[in-house]
Amino acid sequence: MFDMDGMDRRALMQRALLLVGASVTVAACETISPLAAAAEPASLTAAQMATLTAMADTIVPRTDTPGAVDVGVPSLFAGLLDNWAAPATAAMLTGALDRVARLPTDRRDFADLAPAERKAVLQPFDAAALVPVGMPANFLMPVPTADPAYTRLKQLIVTLYYMSQPGLTQEMAYVHVPGRWDPSIPRTAATRPMGGAGLF
Numbered sequence: 201m202f203d204m205d206g207m208d209r210r211a212l213m214q215r216a217l218l219l220v221g222a223s224v225t226v227a228a229c230e231t232i233s234p235l236a237a238a239a240e241p242a243s244l245t246a247a248q249m250a251t252l253t254a255m256a257d258t259i260v261p262r263t264d265t266p267g268a269v270d271v272g273v274p275s276l277f278a279g280l281l282d283n284w285a286a287p288a289t290a291a292m293l294t295g296a297l298d299r300v301a302r303l304p305t306d307r308r309d310f311a312d313l314a315p316a317e318r319k320a321v322l323q324p325f326d327a328a329a330l331v332p333v334g335m336p337a338n339f340l341m342p343v344p345t346a347d348p349a350y351t352r353l354k355q356l357i358v359t360l361y362y363m364s365q366p367g368l369t370q371e372m373a374y375v376h377v378p379g380r381w382d383p384s385i386p387r388t389a390a391t392r393p394m395g396g397a398g399l400f
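The working numbering puts the first residue of the sequence shown at 201, with every later residue one more than the last.
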């Protein structure tokens, strides 16, 4: 079950800041919203901003709910790079953006493709980039992937989307009773619950 009380916008913002290598503080979370208004991002060129916008629209497109571009993910991403990202992290993320821009094989940039073309180009790249490679250092750490820079870029786009009001209140839904429960073993009057040692 997704805990709407436990995962509020501040918690999601802390996650976003961690993804850009920032030091997370309450003050950072309280002052992050004005960053979305940055009209001329310093960390991204116009071409990179176009790639980011096209990528965000491809990963979280508009459906019956607003998409990533509708809720301002590209502007907020640019604000994080300008104001919070460590230089090495900013370079890593912009490098991943540049590689996405060069995905088309016909000399066009990724941002110049139609939505269906972007999806067809990005899907195989995404699948290859997210292939697990090895095991995490501990069970709380994410599984290492073939392309850590792209993985973090995608995670950040998705996290920023779900910290928006539409992402939290329209896209996510809690289904109290998701469907009928059928036990895998026969239940009789003698059946009793059982438990044992486990991780949680």
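Think of the CB as a built atom: it goes at the ideal place given N, C-alpha and C, for glycine as much as any other residue.
Grab the span of the alpha helix (DSSP H) containing residue i for me, first residue to last.
i      : result
ARG352 : 348 to 362
MET292 : 287 to 301
GLN323 : 315 to 329
ASN283 : 273 to 283
Using a Cβ-Cβ cut-off of 6 Å (strictly less than) and excluding sequence neighbours within five positions of residue i, which residues of its own chain qualify?
i      : result
PRO266 : PRO366
SER384 : none
Please classify residue i: does DSSP put it in a helix, a strand, or coil?
i      : result
THR388 : coil
PRO241 : coil
PRO234 : For PRO234, the predicted model reports a pLDDT of 42, less than 50, meaning its position is unreliable and no value from the coordinates is stated.
THR251 : helix
PRO266 : coil
THR258 : helix
PRO332 : strand
Considering only C-alpha positions, which residue in the set the options is nearest to residue i?
i      : options                           : result
ASN283 : PRO241, VAL271, GLN370 and GLU371 : PRO241
LEU252 : THR263, SER275, ARG262 and ASP264 : SER275
GLU277 : PHE325, HIS376 and GLN355         : One detail in the question is off: residue 277 reads as Phe in this sequence, not Glu. That would be GLN355, whose Cα lies nearest to the Cα of PHE277.
ASP306 : ALA288, ASP298 and GLU317         : GLU317
ALA246 : ASP309, VAL271 and ASP270         : ASP309
ASP326 : PRO315, PHE339, THR345 and ASP312 : THR345
LEU244 : ALA286, PRO304, LEU297 and ALA268 : LEU297
To which residues of the same chain is residue i closer than 7 Å at the C-beta, ignoring the five residues directly before and after it?
i      : result
VAL412 : Lying before the first or after the last residue shown, residue 412 is absent from the chain, which here runs from 201 to 400.
ALA268 : ALA256, ASP257, ILE259, VAL260, ILE357 and TYR361
*Meets three-Cβ-pair contact criterion under 8 Å: the stretch 341 to 360 and the stretch 286 to 300*: yes
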